[in-house]
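A short worksheet on the structure shown next.
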Amino acid sequence: MNDRSVTYGSYLAVDELLALQRPRSEGPEHDEMLFIVIHQVYELWFKQVLHEVDHVIELLDAREAHRAQHTLKRILTILKVLVAQLDILETMTPLEFQSFRTRLEAASGFQSDQFRQLEFVLGNKSQAAIDRFGANTRARAALEQRYGRPTLWDAFLRYLSREGYAVPAALLSRDVTTKIEASPDLQATLIDLYRKDPKHAEMCERLVDLDEGIQEWRYRHVKMVQRTIGAKMGTGGSSGAQYLVTTLMTPIFPDLWEIRSRL
Ligand code: HEM
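Under our numbering, think of the first position of the sequence shown as 75, with each following residue one higher.
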């Protein structure tokens with residue numbers, strides 16, 4: 075084998091990857107490794123989910139419904155892993171976390187720009203989320219770029235309109251930086267679609283799966299936070315679980331939930 079041939083280690087940059095876990099506690103404390111690894115794994119999955127959501131948007135724009143749905147299925151499968159991973163972190167007791175928590179200083183998942191990017195592409199955008207990142211950082215540039223771009227919901231509405239569905243013009247030209255609001259007119263169209271068009275109803279169901287999956291992750295994260303730090307403040311400076319509870323039960327695609335009681 076010549077020195078430059080590709081190996082498992084060189085292709086995956088294993089040396090670099092294994093050098094990236096850098097505990098800060100004295101010793102270091104045993105559980106800090108798990109805490110770092112799990113967060114890094116989350117960030118890698120966030121990267122992959124963003125990659126796939128961007129692809130779904132492209133496929134919807136190209137009217138490739140089947141492939142878009144296939145990609146959505148992949149995202150949902152990753153989301154299940156993201157939720158399941160919380161079980162591993164829940165094997166860490168409050169005292170084990172306490173053994174290194176002060177070394178996190180103000181660091182918190184609250185500062186995950188990729189999580190915010192995911193919120194942005196799903197329609198939950200805010201300038202404040204961008205302003206938390208310094209000028210000329212990768213994170214800020216990524217968020218700024220996503221801020222002005224259409225969300226997954228916008229791509230879906232555009233797709234439905236091209237398929238001949240009556241999507242209100244105001245929604246097709248809406249300001250994509252604003253929150254996705256429920257629309258009674260669109261709901262009438264969606265109810266009709268659910269009754270007459272199983273193929274597209276199926277696609278709507280996958281979007282509901284995605285919505286429910288993100289909400290499920292939020293719920294499981296809050297429960298994990300409650301059992302690990304109780305009512306203590308977050309390292310990110312929020313009230314902790316009390317703040318996180320306010321992010322629960324908020325649908326990403328409100329119309330897809332609203333129509334259910336009328337189907
Ligand atoms: C022992 C484990 C964990 C604890 C105690 C914890 C605690 C918290 C707390 C208290 C907050 C609120 C913000 C703050 O003031 O810090 C928060 C936010 C957040 N955490 Fe965690 N967390 C843990 C694990 C994780 C993991 C593994 C992830 C995966 C990336 C994560 C991602 C996030 C995200 C994305 C937010 C922002 C949520 C939002 O603003 O809607 N956390 N976490």
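Ideal Cβ placement from N, Cα and C applies to all residues, glycine included.
When distances are taken from the beta-carbon of residue 257 to the heavy atoms of ligand 1, even the shortest one reaches 8 Å or more.
Three or more Cβ pairs closer than 8 Å define a contact, and the stretch 259-266 falls short of that threshold against the stretch 302-311. By the CB criterion at 9 Å, residue 191 and residue 124 fall inside the cutoff. Taking 8 Å as the cut-off, one finds at least one heavy atom of ligand 1 near enough to the beta carbon of residue 317. Straight through space, the alpha carbons of residue 237 and residue 118 are spaced by roughly 35 Å. Inclusion of residue 143 and residue 286 in the CB contact set at 9 Å is not warranted, their separation being larger than that value. Relative to residue 176, the option among 98, 239 and 88 whose CA is nearest is 98. Residue 204 is positioned such that its CB atom lies closer than 9 Å to that of residue 217. Look at residue 248 here: in three-state DSSP terms it is coil, with no helix or strand label.
For residue 245, same chain residues with a beta-carbon under 7 Å away, outside a window of 5 residues either side, are 231, 257 and 260 in chain order.
At least one heavy atom of ligand 1 lies less than 8 Å from the C-beta of residue 116. Between residue 283 and residue 150, the C-beta spacing is below 9 Å.
Residue 129 has its CB no nearer than 8 Å to any heavy atom of ligand 1.
Under the rule that a run must span 4 or more residues, the alpha helix (DSSP H) segments found entirely inside the stretch 175-199 read 187-196.
If you look at residue 306, you'll find it isn't in any alpha helix (DSSP H); DSSP assigns it neither H nor E. Here the alpha carbons of residue 265 and residue 171 stand approximately 48 Å from one another. Sequence-distant partners of residue 164 (beyond 5 residues in either direction) whose C-beta falls short of 6 Å from its own C-beta, in its chain, are 298.
The residue among 273, 131 and 242 with its C-alpha nearest the C-alpha of residue 263 is 242.
Per the C-alpha coordinates, the member of 222, 254 and 234 positioned closest to residue 274 is 234.
Assigned with DSSP and collapsed to three states, residue 271 falls in coil, not helix or strand.
Set against 8 Å, the gap from the CB of residue 159 to the closest heavy atom of ligand 1 is smaller. Between residue 127 and residue 226 the beta-carbon gap is near 6 Å, inside 8 Å, which marks them as a contact. Annotated three-state conformation of residue 209 is coil, per DSSP. If you look at residue 254, you'll find it isn't in any alpha helix (DSSP H); DSSP assigns it neither H nor E.
Spatial neighbours of residue 248 in its own chain (CB-CB distance under 8 Å, excluding positions within 5 residues in sequence) are listed in chain order as 228. Here the alpha carbons of residue 161 and residue 223 stand approximately 34 Å from one another.
A distance below 9 Å separates the beta carbons of residue 182 and residue 312.
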